[in-house]
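Residue numbers (my numbering), protein chains in the order written: chain A, 648 to 800; chain B, 648 to 800. Cβ atoms here follow ideal geometry from the backbone N, Cα and C, with glycine treated the same way.
2 protein chains.
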Amino acid sequence: MSEIAPVPALDAHLGFWLRMVSNAVSQSFARALEGEGVTVAEWVFLRTLYGAEPAPPSRVAETLGMTRGAITKLADRLIDKGLTARRADPEDGRAQLLSLTPRARRLVPRLAALADANDGAFFASLKPSERAQLERLLKRIVASRGITEIPAT
Amino acid sequence: MSEIAPVPALDAHLGFWLRMVSNAVSQSFARALEGEGVTVAEWVFLRTLYGAEPAPPSRVAETLGMTRGAITKLADRLIDKGLTARRADPEDGRAQLLSLTPRARRLVPRLAALADANDGAFFASLKPSERAQLERLLKRIVASRGITEIPAT
DNA sequence: TATTGTTATACTCTATAACTATA
DNA sequence: TATAGTTATAGAGTATAACAATA
Chain A
648 MSEIAPVPAL DAHLGFWLRM VSNAVSQSFA RALEGEGVTV AEWVFLRTLY
698 GAEPAPPSRV AETLGMTRGA ITKLADRLID KGLTARRADP EDGRAQLLSL
748 TPRARRLVPR LAALADANDG AFFASLKPSE RAQLERLLKR IVASRGITEI
798 PAT
Chain B
648 MSEIAPVPAL DAHLGFWLRM VSNAVSQSFA RALEGEGVTV AEWVFLRTLY
698 GAEPAPPSRV AETLGMTRGA ITKLADRLID KGLTARRADP EDGRAQLLSL
748 TPRARRLVPR LAALADANDG AFFASLKPSE RAQLERLLKR IVASRGITEI
798 PAT
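And the structure:
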């Protein structure tokens, strides 16, 4: 006979609440971005290249904690959308350089405004001191666990 | 000429830090689950059915905020793995009932132990009072935004 | 040989919509 | 007609591995 051992509920873990809030924030942001025709991963990619020198896929991959193959696919999609350009690196015949198109440079500030609004709405119920406390705790975890990966999803 | 308007960095948003930590917790947990041959979504599904009456796909879908089609696919995979059973509801010819196999009932406590260990490791750098504070703030956001969806991913 | 990038393949997660069977 | 579930299709995100070109 198969016993039912007592098992903590899903919501007994802090990680559960973290994911619940994080997913809600991301999903809400994703819906807002949809109106501008981009996904969250695309936003992160665009923001990373914004105001920066053209970068090779390998560096973007490292920054975002993704494989080079994944960056190729993401870049392909953004090139199709007219938001990214890819050109050969004049100094290394193997390398490519990714950069934003003028349209992307006009778009990014609009997307940033959506990010601001989304963030503001979600954390509006916290007092400034509480928001600061939340940020402090999260950054402590990032530091203590050595988390370096920028979340693209 | 295309101007570069000042745009807040990705890490200027609380949502960024939330996602950074949440993704790290989930990825670490996913790797731990891999050793047991299940994904995070499968764990959530299994935990939801553990110790509960057999449930129709429609109810599971509602609980997890997924479509019925998605649940069918998830259940198919778990049936293949011998962790879930599907049988016709004797009281409604249209309905099916999903339940855990004995093997799944033995597995869930092991998976729960992994969840405990993962959570413990990530929040070890916080004092108990800080963990409580973090939980309180997260739950406040959940309540104020009316978040109900259990994060399956 | 090592490195850069692309391509091929595959799998998870998810959604929408068409479809079947039953109520 | 309405509901429950499945199936078909599609797309995002990701990974691994094979490959071509260049260093």
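Beta-bridge partners assigned by DSSP to residue 735 (chain A): A:743. Contact check for residue 722 (chain B) against residue 710 (chain B) fails: the beta carbons are separated by 8 Å or more. Note that the C-beta distance between residue 680 (chain B) and residue 758 (chain B) is below 8 Å. The beta carbon of residue 689 (chain B) does not come within 8 Å of any beta carbon belonging to chain A, so the residue lies off that interface.
Bounds of the alpha helix (DSSP H) holding residue 786 (chain A) are 775–792. Taking a contact to require three or more Cβ pairs closer than 8 Å, the segment 735–751 of chain A and the segment 780–793 of chain A do not qualify as touching. For a cut-off of 8 Å, the C-beta gap from residue 676 (chain A) to residue 725 (chain A) is around 18 Å, too long to register as a contact. At a cut-off of 8 Å between beta-carbon atoms, residue 673 (chain A) makes contact with chain B. With its beta carbon less than 8 Å from one in chain B, residue 756 (chain A) belongs to the interface. Taking CB atoms only, residue 786 (chain A) has a neighbour in chain B less than 8 Å away. Residues of the segment 703–733 of chain B that bring their beta carbon within less than 8 Å of a beta carbon in chain A are absent altogether.
Residue state for residue 702 (chain A) is assigned as strand, using DSSP reduced to three classes. When only Cα atoms are considered, residue 790 (chain B) and residue 712 (chain B) end up about 17 Å apart. With respect to residue 703 (chain A), residue 736 (chain A) sits close: the two C-beta atoms are nearer than 8 Å. Here residue 753 (chain B) is exposed, its C-beta having fewer than 16 other C-beta atoms within 10 Å. Residue nearest to residue 689 (chain B) within the set B:718, B:654 and B:770 is B:718 (criterion: CA-CA distance). Taking the Cα of residue 656 (chain B) as reference, the smallest distance to any Cα among A:728, A:751, A:760 and A:777 is reached at A:760.
Closer than 8 Å to the CB of residue 762 (chain B) there is at least one CB belonging to chain A. Of the candidates B:779, B:716 and B:687, B:687 places its Cα closest to the Cα of residue 755 (chain B). The alpha carbon of residue 743 (chain A) has as its nearest neighbour, out of A:700, A:678 and A:671, the alpha carbon of A:700. Inclusion of residue 663 (chain B) and residue 788 (chain A) in the CB contact set at 8 Å is not warranted, their separation being larger than that value. Here the alpha carbon of residue 685 (chain B) sits roughly 22 Å from the alpha carbon of residue 706 (chain B). DSSP places residue 655 (chain B) in no alpha helix (DSSP H); its state is neither H nor E. Residues of chain B with a Cβ closer than 7 Å to the Cβ of residue 685 (chain A) do not exist; the shortest Cβ-Cβ separation is about 14 Å. In this structure, the alpha-carbon of residue 665 (chain B) lies about 17 Å from that of residue 774 (chain A). Taking 9 Å as the Cβ-Cβ cut-off, the segment 650–664 of chain A approaches chain B at 650, 651, 652, 653, 654, 655, 656, 657, 658, 659, 660, 661, 662, 663 and 664, given in chain order. Here the alpha carbons of residue 729 (chain A) and residue 751 (chain A) stand approximately 8 Å from one another.
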